[in-house]
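Going by UniProt numbering, the residue at position 39 of the sequence shown is 39; the numbering climbs one at a time, nothing skipped. Where a beta carbon is used, it is the ideal one built from N, C-alpha and C, also for glycine.
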Amino acid sequence: PRPVRAPDFALEVFRFKDSLAEDLRQADLVISHAGAGSCLETLGEGKPLVVVINETLMDNHQLELARQLCRDGHLIYCTCSTLAETLQSVDLSLLKPFPPGRPEKFAAFLDDVLGLE
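This is how it looks when you write it as structure tokens:
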């Protein structure tokens, strides 16, 4: 798909990209599927996120993740059929920042459980 540009607006659509890091840094809003990697990478960059749920997936783990992150106030989720309405009505200022990871706590837990320290 081709990018769409207007004076104050740019939309880039792609199926696959090796890295989203630069795109995320430049984005004002990210619209994505609700895969864990996409959600966590976007939220980790502090960007507002609207995820679009694929209703045709069986055992829809994306919906579970989107619901929880929405309950926690970190993102908005919708379906393809409600995306336009969601974008018109959403107040992104209500979203809460996603807390940074603390891998040292997990490492300390593993050290304790495995008796390494």
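| Item | Value |
| --- | --- |
| Use the C-beta contact count for PHE14: other C-beta atoms within 10 angstroms, 16 or more gives buried, fewer gives exposed. | exposed |
| Could you name the residues that DSSP lists as bridge partners for CYS78? | VAL52 |
| Over the uninterrupted beta strand (DSSP E) stretch that includes ALA34, give me the two end residues. | Run containing ALA34: none; DSSP gives neither H nor E here. |
| CA-CA distance, THR86 and ASP111? | 45 Å |
| Are THR42 and LEU24 closer than 9 Å when you measure CB to CB? | yes |
| Look at VAL52 and HIS33 and say whether their C-beta atoms are less than 9 Å apart. | yes |
| Going by DSSP, name the residue or residues bridged to ALA6. | PHE9 |
| With distance defined between alpha-carbon atoms, name the residue in LEU94, LEU29, GLU104 and LEU65 nearest to GLY37. | LEU65 |
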